[in-house]
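Visitor: Structure provided below as structure tokens; questions to follow.
Numbering (the UniProt record's numbering), first residue to last: 1 to 343.
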């Protein structure tokens, strides 16, 4: 049976009033003491902290207005930073100093960030200098370089120019603590993105080293160089590419890996191999047409068919002029035959 003091105790708790009779009763009644303890525990769970603001309603309204304006300003500055970051690569060709500096900030910051994590060995650009560009973020990685050149500056531009909005806002609202939180979030985003690019670079380097999905060759002599790539429309260059690819992968068989002890560097020729239709990767490799082996950028050595070696030697001799003559001769013959049939 419930204690007769139950309702009186609840009223005492809700109204938070003094009642000596209830207080004396609580010393004697276990049931009511348990009721008080349970009530206080519930109240603690639902406790709402008091607001720390002690100003007037007008001041509070003013701060709310400033907060909304400042938030919109941060958003606008960040979006402007995104746009400037996307076009920051144009600082190379911009001749007006002011816009050149504004555009250069995201790009150069991105460049510094990438240089912290990976360097570009300039010995990579050896040979006749025809193989690649000097300003690639990831040498030989077309897609990754595009992402590093465009998306990383976009993120950095949003962070840098978004920060300017903090410094031009109401310092009572946009405090240093708020800014440090804003900066920390952007730093985490940029570092995670950069880390993802570096991880992708490692994975693609391993994939390229397996010589999968070859889409082009660039061959060079001391005086000239020519590229031969897979094309949608048949033509002379596409024909040469298919000859080289079929000679490299006879009957579609993968290349056999061999030991590096077979290398004779003095007889090696330099060539560039393009891989991946969409990732647009490339490797500067070395081929020995006498010993019939190919060395990738990572030093992996593959045995290549003699037919492929013969093509490399032929290019050094006549730059495939005989193949072109044969191709255009056959094409002219087909055109004459087609013209005769029409007549």
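Yeah, the Cβ is synthetic: ideal placement off N, Cα and C, and Gly gets one too.
Note that this is a predicted model, so its numbers are computed, not measured.
1. Nearest-angstrom Cα distance between residue 71 and residue 151?
2. Measure the CB-CB distance between residue 303 and residue 292 and report whether it falls below 8 angstroms.
3. Whose CA, out of 283, 300, 240 and 272, lies closest to the CA of residue 322?
4. Helix, strand or coil: how does DSSP classify residue 224 here?
5. Taking one C-beta from the region 248 to 257 and one from the region 181 to 193 each time, how about it: are there three or more such pairs within less than 8 angstroms?
6. Does DSSP put residue 232 in a helix, in a strand, or in coil?
7. Between which two residues does the alpha helix (DSSP H) carrying residue 160 extend?
8. Measure the alpha-carbon distance for residue 269 versus residue 298 and round it to whole angstroms.
9. Going by DSSP, what residues sit across from residue 285 in a beta bridge?
10. Excluding sequence positions up to five away, which residues of its chain have a Cβ less than 8 angstroms from the Cβ of residue 94?
11. For residue 255, which residues of its own chain have a beta-carbon under 8 angstroms away from its beta-carbon, when the five flanking residues on both sides are left out?
12. Can you tell me whether residue 229 is buried or exposed? The criterion is at least 16 other CB atoms within 10 Å of its CB, across all chains shown.
13. Could you compute how far the alpha carbon of residue 14 sits from the alpha carbon of residue 22?
14. Do residue 318 and residue 290 have their C-beta atoms closer together than 8 angstroms?
15. Report the three-state DSSP secondary structure of residue 219 (helix, strand or coil).
16. Quick one: which unbroken beta strand (DSSP E) runs of 3-plus residues sit fully inside the region 72 to 100? Chain order, please.
17. The beta strand (DSSP E) spanning residue 302 covers which residue range?
18. State yes or no: is the C-beta of residue 275 within less than 8 angstroms of the C-beta of residue 287?
19. Is the CB-CB distance between residue 216 and residue 225 below 8 angstroms?
20. Using C-beta distances below 8 angstroms, list every residue in its chain close to residue 121, excluding the 5 sequence neighbours before and after it, in chain order.
Guide: Walking through what the data contain:
1. 24 angstroms
2. yes
3. 240
4. coil
5. no
6. coil
7. 142 to 167
8. 16 angstroms
9. 271
10. 100 and 103
11. 211, 248, 249, 294, 302, 303 and 304
12. exposed
13. 13 angstroms
14. no
15. strand
16. none
17. 301 to 303
18. no
19. no
20. With a pLDDT of 46 at residue 121, under the threshold of 50, the predicted position of this residue should be treated as unreliable, though the coordinate-derived value follows. Once the five neighbours on either side are set aside, residue 121 has no close Cβ partner at all.
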